[in-house]
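Protein chains in written order, with the working numbering: chain H, 1 to 433; chain Y, 1 to 433. Even for Gly, the Cβ is constructed at its ideal location relative to N, Cα and C. Note that the structure is predicted; figures quoted are calculated from it, not measured. Written below as structure tokens is the structure these notes are about.
Number of protein chains: 2
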Amino acid sequence: MNFNPSRDFARQLDTQDELASFRSQFVITNPDLIYLDGNSLGRLPKAAAERVSAAVAEWGSDLIRGWNKRWWDSPTRVGEKIARLVGAGPGQVIVSDSTSVNLYKTVMAAMALHPQRGRIVTDALNFPSDLYVLQGVIRQLSPSTLHGKSRAWGRHQIVRIESQDGDVSPDLDALASAVDENTSLVTLSHVTFKSGYLYEMAAITEMAHRKGALVLWDLCHSVGALPIQLDRCNADFAIGCTYKYLNGGPGSPAFLYVHRDLQEQALSPIWGWWGQKSPFAFDLDYTPAPGIKRFLAGSQPILSMLALEAALDPLLEAGMDRIRCKSVLLTEYLIYLADTLLAPLGFTLGSPRTPDRRGSHVSIRHPEGYRINRALIDEMNVIPDFREPDNIRLGLAPLYTTFGEVWESMDRMRRVVEDRRFEKYPKERLTVT
Amino acid sequence: MNFNPSRDFARQLDTQDELASFRSQFVITNPDLIYLDGNSLGRLPKAAAERVSAAVAEWGSDLIRGWNKRWWDSPTRVGEKIARLVGAGPGQVIVSDSTSVNLYKTVMAAMALHPQRGRIVTDALNFPSDLYVLQGVIRQLSPSTLHGKSRAWGRHQIVRIESQDGDVSPDLDALASAVDENTSLVTLSHVTFKSGYLYEMAAITEMAHRKGALVLWDLCHSVGALPIQLDRCNADFAIGCTYKYLNGGPGSPAFLYVHRDLQEQALSPIWGWWGQKSPFAFDLDYTPAPGIKRFLAGSQPILSMLALEAALDPLLEAGMDRIRCKSVLLTEYLIYLADTLLAPLGFTLGSPRTPDRRGSHVSIRHPEGYRINRALIDEMNVIPDFREPDNIRLGLAPLYTTFGEVWESMDRMRRVVEDRRFEKYPKERLTVT
Numbered sequence: 001m002n003f004n005p006s007r008d009f010a011r012q013l014d015t016q017d018e019l020a021s022f023r024s025q026f027v028i029t030n031p032d033l034i035y036l037d038g039n040s041l042g043r044l045p046k047a048a049a050e051r052v053s054a055a056v057a058e059w060g061s062d063l064i065r066g067w068n069k070r071w072w073d074s075p076t077r078v079g080e081k082i083a084r085l086v087g088a089g090p091g092q093v094i095v096s097d098s099t100s101v102n103l104y105k106t107v108m109a110a111m112a113l114h115p116q117r118g119r120i121v122t123d124a125l126n127f128p129s130d131l132y133v134l135q136g137v138i139r140q141l142s143p144s145t146l147h148g149k150s151r152a153w154g155r156h157q158i159v160r161i162e163s164q165d166g167d168v169s170p171d172l173d174a175l176a177s178a179v180d181e182n183t184s185l186v187t188l189s190h191v192t193f194k195s196g197y198l199y200e201m202a203a204i205t206e207m208a209h210r211k212g213a214l215v216l217w218d219l220c221h222s223v224g225a226l227p228i229q230l231d232r233c234n235a236d237f238a239i240g241c242t243y244k245y246l247n248g249g250p251g252s253p254a255f256l257y258v259h260r261d262l263q264e265q266a267l268s269p270i271w272g273w274w275g276q277k278s279p280f281a282f283d284l285d286y287t288p289a290p291g292i293k294r295f296l297a298g299s300q301p302i303l304s305m306l307a308l309e310a311a312l313d314p315l316l317e318a319g320m321d322r323i324r325c326k327s328v329l330l331t332e333y334l335i336y337l338a339d340t341l342l343a344p345l346g347f348t349l350g351s352p353r354t355p356d357r358r359g360s361h362v363s364i365r366h367p368e369g370y371r372i373n374r375a376l377i378d379e380m381n382v383i384p385d386f387r388e389p390d391n392i393r394l395g396l397a398p399l400y401t402t403f404g405e406v407w408e409s410m411d412r413m414r415r416v417v418e419d420r421r422f423e424k425y426p427k428e429r430l431t432v433t
Numbered sequence: 001m002n003f004n005p006s007r008d009f010a011r012q013l014d015t016q017d018e019l020a021s022f023r024s025q026f027v028i029t030n031p032d033l034i035y036l037d038g039n040s041l042g043r044l045p046k047a048a049a050e051r052v053s054a055a056v057a058e059w060g061s062d063l064i065r066g067w068n069k070r071w072w073d074s075p076t077r078v079g080e081k082i083a084r085l086v087g088a089g090p091g092q093v094i095v096s097d098s099t100s101v102n103l104y105k106t107v108m109a110a111m112a113l114h115p116q117r118g119r120i121v122t123d124a125l126n127f128p129s130d131l132y133v134l135q136g137v138i139r140q141l142s143p144s145t146l147h148g149k150s151r152a153w154g155r156h157q158i159v160r161i162e163s164q165d166g167d168v169s170p171d172l173d174a175l176a177s178a179v180d181e182n183t184s185l186v187t188l189s190h191v192t193f194k195s196g197y198l199y200e201m202a203a204i205t206e207m208a209h210r211k212g213a214l215v216l217w218d219l220c221h222s223v224g225a226l227p228i229q230l231d232r233c234n235a236d237f238a239i240g241c242t243y244k245y246l247n248g249g250p251g252s253p254a255f256l257y258v259h260r261d262l263q264e265q266a267l268s269p270i271w272g273w274w275g276q277k278s279p280f281a282f283d284l285d286y287t288p289a290p291g292i293k294r295f296l297a298g299s300q301p302i303l304s305m306l307a308l309e310a311a312l313d314p315l316l317e318a319g320m321d322r323i324r325c326k327s328v329l330l331t332e333y334l335i336y337l338a339d340t341l342l343a344p345l346g347f348t349l350g351s352p353r354t355p356d357r358r359g360s361h362v363s364i365r366h367p368e369g370y371r372i373n374r375a376l377i378d379e380m381n382v383i384p385d386f387r388e389p390d391n392i393r394l395g396l397a398p399l400y401t402t403f404g405e406v407w408e409s410m411d412r413m414r415r416v417v418e419d420r421r422f423e424k425y426p427k428e429r430l431t432v433t
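Laid out in structure tokens, this is it:
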């Protein structure tokens, strides 16, 4: 595509955008605010707001009967909707708990499937919380910490592949070499949280399977942003959050996928009544439910769950192929403008240049990134987010981000730097709480 | 108290009820419906409905900034509100995840604190899901299942005390004998889910501590129904749900308590960024947060969380002593009416007679309990619930249950049996799918 840097060109791209009408399905209270953090918390879909309101009314009038009407089967029902977005056939996806808890459940299940192996391979581009979960699992499987005998479990270890290019892309050769006959599990973020690097799911999964390892994909930054084919790639496990491109709302419950072929052997470490074969028989002994339900434990937050259920409809209606198509155009256009308008001001690209290897957010780096990000939020009505040490992350959500917003945000960023507006902010990081 | 069985007497009790005005703080769409299942799902507080509505609006307009404003610290902020209901000093309660997940986290933490011991003591009156969680933990700690070597971990076992009197009360002597020098943990439901038996928390905790065991209380059926003194009883851990007497809404997030003295050594098995010392530093290695926050893992469902936050206010305003006082009067009155009106029709009491040993729900047993329960719901506008094999469970929530409703429900139950209305229902159990 031949872009040009004029504002008119952005207008033209918006006129040609076949997904443009989806923006009206979202609540937009301030049209001048350019929201580029839908990769952290998606905008509020009008349908979600209505569904929450209805759910509260159901609580008031149906009371306990609400569970039988629409609530009890929501973890599988909403799971099936997500399944359509991630290329999973029926009976393999449930919605429950947080991403971290789901990662824990699936990693523990994977490790138990390979009791003779002990290595987990991941990379330094992975979301740190994922690394923490893995570290907790290793600590637990190693009796040196729990029990005082380290020898038996000495083979348990995490191999974390370091990036060669300043945290933009993984070192694929190092990754392939690290996967050996002692590897239980390879687990990676499908799209990395900082640079937006997109792993080739089919190739990596196949490589790991050749060594007999299982593969678990974290889909947080890819689900809802691009087509995913879990079944076709033969992924073993996947997890993901629902509050980014799925627009489920703050802290909406996460999902997990377990490949059909593994469901009979795989067990969640957390046994609860929702994962029991007959939860209302109240047997005193646990018998896992057949299929994916055994990965449920306790009750799910229904108001947040039903907001998510409604939020998924616009994505299903638009279709992941059209969403990806616009996403690539948005990120290509943003990178073109950054190269043209911002590179002369000291900005560099912190994301892959090839669209094939990139998700739907772009990192733009600048030594003053932290203060520029603050100025954008406080003075320029642009909301990106910042990730250490110098990344301004710009999330482009095809259902509501316009090309005009991309142009405008690049222009405002240019003004922040040209006018030195960032200089009044302290360099010390603000911390939450 | 000298009760009498007339409807007028019920009216008189309502007139004298100092908590009567709290009923108006709840949404009641059908005044003829007698809701006696607040011990499963509490009624909708008006303040919770308003708060959810405001939270949805915050999502729409604050977008990601909502996290810094009111969302990020909600697990501890709402935790501190619950702390005031359970006799816990600051910094010991958080709201997160489901009850089952919290039980798993705290049981695993407790087991790791006692690596030389291996026995968990519980009872058959415990909620089955709690037993499932324990079974999962034992399976995991025993390498016979994970690793093929059973000897080293052979001491891991669950001792489940059976009830001597048809699941009404525990066998306290058997319980005391089961706690030995190999016991890591004693875990019990403070109020049992079926009979409503209320354990003496201080005495049991002290008994277990004498043997060097830790104690974990499940407060699901006691929190919000009666005063609890976790600190004063020296409880080590506690967990509980928030959708029963706390009125947090369907599947609202659960809470957990870790005694201050244990917080430095105790670790959650699920390591996530919310439990990391500096979550936004994105270090690649996990360092547990100081204090109770280390028991957090991932993001919490904010809509459900904020509904809960608002729902707690009426409880705090009424005060647990007044709530308990009315609760005892309600259950005493119900038992009096059951003895007077229902015993001649074949009903027996499935709950302790002494109010000191009883929570805020009462089980009434009848061989036709299942069908009577169905007739009450389908024809008589009374909602109790049923627990196998023959328990009709009647939950009395002091903030909104009236004495008039107790009288009326007993009268409707009498009519169901006298008129044989239950006979048209099949004996086969309906199951929730």
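Under 8 Å, Cβ to Cβ, is there at least one residue of chain H near residue i?
i              : result
L44 (chain Y)  : yes
S100 (chain Y) : yes
G87 (chain Y)  : no
G91 (chain Y)  : no
F440 (chain Y) : Any answer about residue 440 (chain Y) is impossible in this case: the structure gives chain Y only from 1 up to 433.
G166 (chain Y) : no
Are there 16 or more other CB atoms within 10 angstroms of the CB of residue i, so buried, or fewer, so exposed?
i              : result
D390 (chain Y) : buried
T187 (chain Y) : buried
T76 (chain H)  : buried
S169 (chain H) : buried
M436 (chain Y) : The structure shown does not extend to residue 436 (chain Y), since chain Y is modelled only from 1 through 433, so no value can be given for it.
A281 (chain Y) : exposed
M1 (chain H)   : exposed
T205 (chain H) : buried
Q263 (chain H) : buried
K149 (chain Y) : Low confidence applies here, because K149 (chain Y) scores a pLDDT of 37, under 50, leaving its location unreliable and the question unanswered by this model.
N30 (chain Y)  : exposed
So that I know if they touch, is there some Cβ in chain Y lying closer than 8 Å to that of residue i?
i              : result
H147 (chain H) : With a pLDDT of 38 at H147 (chain H), under the threshold of 50, the modelled position of that residue is not reliable, and the figure given next carries that caveat. Taking Cβ atoms only, chain Y reaches closer than 8 Å to H147 (chain H), which makes this a yes.
R387 (chain H) : yes
S360 (chain H) : no
S252 (chain H) : yes
S304 (chain H) : yes
I64 (chain H)  : yes
Y286 (chain H) : yes
I383 (chain H) : yes
S299 (chain H) : yes
Just checking my contact of residue i with residue j at CB under 8 Å: how many whole Å lie between their CB atoms?
i              : j              : result
V52 (chain Y)  : L306 (chain Y) : 7 Å
L256 (chain H) : I94 (chain H)  : 6 Å
S195 (chain Y) : D167 (chain Y) : 6 Å
L308 (chain Y) : G249 (chain H) : Incorrect: roughly 15 Å between the Cβ atoms, too far for contact.
I335 (chain Y) : H366 (chain Y) : Wrong, their Cβ atoms sit about 15 Å apart, outside the cutoff.
In whole angstroms, what is the alpha-carbon distance linking residue i and residue j?
i              : j              : result
R260 (chain Y) : G91 (chain Y)  : 7 Å
D8 (chain H)   : R421 (chain H) : 26 Å
T99 (chain H)  : I372 (chain H) : 31 Å
L131 (chain Y) : P279 (chain H) : 13 Å
W274 (chain H) : L329 (chain H) : 43 Å
Do we get a CB-CB distance below 8 Å when we pair residue i with the residues of chain C?
i              : result
T183 (chain Y) : No chain C is present in this structure, whose protein chains are H and Y.
Query raised in the report: Would you call the segment 415 to 426 of chain H and the segment 46 to 60 of chain H in contact, with 3 or more CB pairs under 8 Å?
Result: no
**Report entry** the segment 322 to 332 of chain H contacting the segment 315 to 330 of chain Y, beta-carbon criterion three pairs below 8 Å
**Finding:** no
Query - Sufficient close CB pairs (3 or more, under 8 Å) joining the segment 77 to 84 of chain H to the segment 102 to 117 of chain H - result: no
Query raised in the report: Is the segment 352 to 365 of chain H touching the segment 395 to 404 of chain H in the sense that three or more CB pairs, one from each, lie closer than 8 Å?
Result: yes
Query raised in the report: Can at least three beta-carbon pairs, one atom from the segment 171 to 191 of chain Y and one from the segment 278 to 295 of chain Y, be found at a separation below 8 Å?
Result: no
Query raised in the report: Is there contact between the segment 110 to 130 of chain Y and the segment 288 to 303 of chain Y, where contact requires at least three CB pairs shorter than 8 Å?
Result: no
**Report entry** Given 8 Å, three or more beta-carbon pairs between the segment 213 to 221 of chain Y and the segment 232 to 242 of chain Y
**Finding:** yes
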